[in-house]
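**Student:** Residue numbers (the numbering used here): 3 to 584.
Before anything else, here's the structure in question.
Below, the structure is given as structure tokens:
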């Protein structure tokens, strides 16, 4: 407050009042947690509008003549007019701006021709919900809502717009474009788990609740793949981090987990959680430059790079995620804020698609690839699927051509650093047709979940009234979260985290050995009706301990989880890994 009372600030405000008409702009910041750009808007006589975490920014109105001063302010990357325009003549292969050639770039379309389009495989998507009209009509077999909109008219709908785009990358049918815009696994089905409403904000606790739901209900809904296109910038070691612990429990239950690398740039150490976990398939973004030819593909400048804080080399692979086209969620926040990103394909009377960039969408590509692989080889475990994806991802390189003074053209090819691309850019067809039964290496250290949930929140850690960071005990008391109940015997006891669940039997070679794939485990008892019979779904598995009030009652699904206090900006420690729209 003292700053606003200084002569300099008073003079700036006076100048702003006489600076002419107000214009609507979008302000992008170098860091989403930097308060200086918003403060500068106010000092220049403007007003701060809608928070836009998807682009590390916010909407604002400022006097027109003050835009240059705002642009030059510390912490501001760009100030752009909020115009209403439509994409015209830019969509399609070689369009240079937007296309859906990623199914050809990754050779997914070749896998379809071979008879494998993901049919029979269900992919869970933890995100902002899925719009079930257009290309995604009939694709969602079940939806759960852990957001603040649960129980309202907007329950299970995608009022933000991010989840629908990701879902379209996975399982879009291409119905509205005559097949021109399809997901990588159009034959697969989706299970939508919504953890954020219209403002896009969410918290680690919502994500943990969603992960628990997936692990508990995987058999009932046939979930084989989980897509998580969000990230936290926390740097707590995966060995103790509670989020990584929960992620590993899902992986070890038999679900392939695909996570976005984050959009913090190519500098080492920019991978976000849970992409830092060694088990999951972490995906960075490549740029296909709207061409089917893979030779001109590069790593996107925004794509997160490794190694992680634990020295783990990430990402595992990269996939197209720059100026890609997918399914639009009409009327969502993103749809309204970025009308310039709406895309009409030939023959459409109104835009049915959207374009955007981010590792969120690259993760969707690889989730679709995992579904394709499983549709051909149903009995593969997550480590085998991961091995096939990594082993069939040729490395990207860059070629620089220079003409010398003597007129001789010299070309130099340079490999892209592994920390930026992992193994390389995915080739879904090769991965699907592979008969390799070996497994990806299992990390020597298993996540224990003994660390700080506040540290997992990172920059979104809960604060006291005086601005100090709460201790874990204070934060847990405020939220009603009981770590003993959640990470105790029911989630992390000997049955869940001991040798039976996380040891060599689950993650090692024994998964596919005679004990696990023999007649006792892969026969009628595992795949037949007895999976859902009393032995597997009875009181021990689905009774009060697992599905009763402790897990689905007021403590987990009541107002404390879905109340408005969870959706405020101060609670949003996670951000969606979509870089920008339009």
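Idealized CB from N, CA, C, for every residue including glycine.
1. For residue 215, is the classification buried or exposed, using 16 other Cβ atoms within 10 angstroms of its Cβ as the cut-off for buried?
2. What separation, rounded to the nearest whole angstrom, lies between the Cα atoms of residue 248 and residue 487?
3. Would you say the segment 339 to 354 touches the segment 199 to 219, given that touching needs at least three Cβ pairs under 8 Å?
4. Looking at residue 243: is its Cβ nearer than 8 Å to the Cβ of residue 285?
5. Could you give the residue range of the alpha helix (DSSP H) that holds residue 169?
6. Residue 504 by DSSP, collapsed to three states: which one?
7. Any idea what DSSP makes of residue 289, helix, strand or coil?
8. What residue range does the alpha helix (DSSP H) around residue 195 cover?
9. Does DSSP put residue 16 in a helix, in a strand, or in coil?
10. Name, in chain order, the residues that DSSP records as bridge partners for residue 1.
11. Just the Cα atoms here: how many angstroms apart are residue 116 and residue 150?
12. Going along the chain, which residues of its own chain have a beta-carbon closer than 7 Å to the beta-carbon of residue 170, five neighbours each way excluded?
13. I think residue 263 touches residue 306, with their Cβ atoms under 8 Å apart; what is that distance to the nearest whole Å?
14. Please classify residue 317: does DSSP put it in a helix, a strand, or coil?
15. Could you check where the alpha helix (DSSP H) with residue 136 kicks off and where it finishes?
16. Quick check: what's the CA-CA separation for residue 102 versus residue 68?
17. What does the alpha-carbon distance come out to for the pair residue 283 and residue 449?
18. Please check the pair residue 95 and residue 294, which I expect to be a contact at CB under 8 Å, by giving their CB distance rounded to whole angstroms.
19. In the DSSP assignment, find the unbroken alpha helix (DSSP H) run with residue 228 in it and report its ends.
20. Can you list the alpha helix (DSSP H) stretches of 4 or more residues lying completely in the segment 337 to 398, in chain order?
21. For residue 179 and residue 466, what's the separation of their Cα atoms in angstroms?
22. For residue 416 and residue 400, I'd like the C-alpha separation in whole angstroms.
23. Taking buried to mean at least 16 other C-beta atoms within 10 Å of its own C-beta, is residue 452 buried or exposed?
24. With 16 other CB atoms within 10 Å as the buried threshold, where does residue 380 fall?
25. Would you call the CB atoms of residue 224 and residue 119 closer than 8 Å?
26. From residue 578 to residue 233, what distance separates their C-alpha atoms?
27. In whole angstroms, what is the alpha-carbon distance linking residue 521 and residue 227?
28. From this set, 230, 36, 238 and 395, which residue's C-alpha is nearest residue 455's C-alpha?
29. Please state whether DSSP places residue 82 in a helix, a strand or coil.
30. Measure the Cβ-Cβ separation of residue 288 and residue 299 and say whether it is below 8 Å.
31. Let me know the secondary structure DSSP gives residue 2 once reduced to three states.
32. Taking contact to mean 3 or more Cβ pairs, one atom from each stretch, closer than 8 Å, check whether the segment 194 to 201 and the segment 149 to 164 are in contact.
33. So, at 6 Å on beta carbons, what are the nonlocal neighbours of residue 177 in its own chain, with the 5 sequence-adjacent residues on each side left out?
34. CB-CB under 7 Å to residue 122, same chain, minus the five flanking residues each way: which ones, in chain order?
35. Judging by CA-CA distance, which residue of 82, 107 and 40 is the nearest neighbour of residue 368?
36. Quick one: what's residue 325 bridged to in DSSP?
**Tutor:** Checking against the coordinates, here is how it stands:
1. buried
2. Straight through space, the alpha carbons of residue 487 and residue 248 are spaced by roughly 14 Å.
3. no
4. no
5. 164 to 173
6. Interpretation of residue 504 is limited by its pLDDT of 31, a score under 50 that renders its predicted location unreliable; no figure is taken from the coordinates.
7. Here residue 289 sits in strand by DSSP.
8. Residue 195 -> not in any alpha helix (DSSP H); beta strand (DSSP E) instead, spanning 191 to 196.
9. Here residue 16 scores only 45 on pLDDT, less than 50, and its place in the model is too uncertain to base an answer on.
10. With the chain running from 3 to 584 in the structure shown, residue 1 is simply not present.
11. 43 Å
12. 137, 138, 185, 328 and 329
13. 4 Å
14. Residue state, collapsed to three classes: coil.
15. Taken as a continuous stretch (DSSP letters only), residue 136 belongs to no alpha helix (DSSP H), as it is neither H nor E.
16. 39 Å
17. 16 Å
18. 6 Å
19. Not the alpha helix (DSSP H): residue 228 falls in the beta strand (DSSP E), residues 225 to 230.
20. Annotation: the segment 337 to 398 contains the following complete segments of the alpha helix (DSSP H) (minimum length 4 residues), in chain order: 361 to 378 and 384 to 393.
21. 51 Å
22. 5 Å
23. exposed
24. Classification for residue 380: exposed.
25. no
26. 6 Å
27. Caution is warranted here: a pLDDT of 24 is assigned to residue 521, below 50, making its placement in the model unreliable, and no coordinate value can be reported.
28. That would be 238, whose Cα lies nearest to the Cα of residue 455.
29. Under the three-state reduction of DSSP output, residue 82 falls in the strand class.
30. yes
31. Because the chain here runs from 3 to 584, residue 2 falls outside it and cannot be looked at.
32. yes
33. 137
34. 377
35. 107
36. DSSP, once it has assigned bridges, lists no residue as partnering residue 325.
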